[in-house]
Amino acid sequence: MSRPPENPAQPDHGPDPSDGAIGRSDRGGSSGAAVSARPPGVVVISVVVLLEALALLGAAAWYAFELISGAPVLTFWGAVFTLGLLLVFAAWLFAVGHFLFRGYRWTRAAALVAQLFVLTIGFPTMTGGLVLPGLAMIVPALAALVFLFTKDVIAYASKVGGSTAAL
């Protein structure tokens with residue numbers, strides 16, 4: 010006897026999601042009632058992304074302080090735009106870290122792109138003579154990249170949005 014096809018857009022009425030496990034069945038096993046637990050790699054990636062968001066918020070605060078204290082800038086509105094970009098990217102990384110921790114599929118691509126951006130800043134920083142700040146960027150980004158491609162993280166981060174309408 011075969012099971013009916015599983016629709017990923019339909020919510021699964023499994024265990025309570027507040028207990029640390031996402032309420033969906035394990036697609037790889039033969040028992041349809043098994044629930045996959047949050048892998049340690051997801052926790053590591055989420056922490057790395059959240060720390061990067063905090064670093065961007067710190068950079069934005071420092072940038073705003075310098076802007077308010079009268080540091081010379083080429084164009085004032087260009088500096089305000091840069092400050093806005095720092096704040097938007099920090100908010101985006103907070104969202105990515107949060108929803109990756111909850112197991113949403115789209116966050117893997119966003120975390121991958123963020124880590125690649127960090128590496129493009131970290132390597133020139135390290136080779137430019139600032140070894141410790143460069144390593145502080147490179148090592149967590151490489152760890153997150155490694156964990157992003159493990160089987161358990163890929164299997165866990167496969168949750169899609171609900172079937173309810175947005176409007």
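For our numbering, add 9 to where a residue sits in the sequence shown, where the first one is 1. We treat Cβ as the ideally placed atom computed from N, Cα and C, and that holds for glycine.
The C-alpha of residue 159 lies about 11 Å from the C-alpha of residue 117. Our two residues, residue 157 and residue 51, have alpha carbons roughly 8 Å apart in a direct line. Contact between the region 75-87 and the region 141-152 is absent, with fewer than three C-beta pairs closer than 8 Å. Assigned with DSSP and collapsed to three states, residue 120 falls in helix.
Between residue 61 and residue 104, the gap from beta carbon to beta carbon reaches 8 Å or more.
Scanning its chain for C-beta atoms nearer than 6 Å, with the 5 sequence neighbours on each side dropped, one finds no residue around residue 132.
Between residue 53 and residue 106, the C-beta gap is not smaller than 8 Å, which leaves the two residues out of contact. DSSP, reduced to helix, strand and coil, places residue 166 outside both helices and strands of the structure shown, so it counts as coil. In this structure, the CA atom of residue 134 is about 19 Å from the CA atom of residue 71. With a 10 Å radius around the Cβ and a threshold of 16 neighbouring Cβ atoms, residue 94 comes out exposed. Distances from the alpha-carbon of residue 47 to those of 110, 142, 96 and 65 put 110 closest. Put simply, the backbone Cα of residue 167 is about 6 Å away from that of residue 112. Partner residues in the beta bridge of residue 113, as assigned by DSSP, are 168. Taking the Cα of residue 161 as reference, the smallest distance to any Cα among 114, 140 and 146 is reached at 114.
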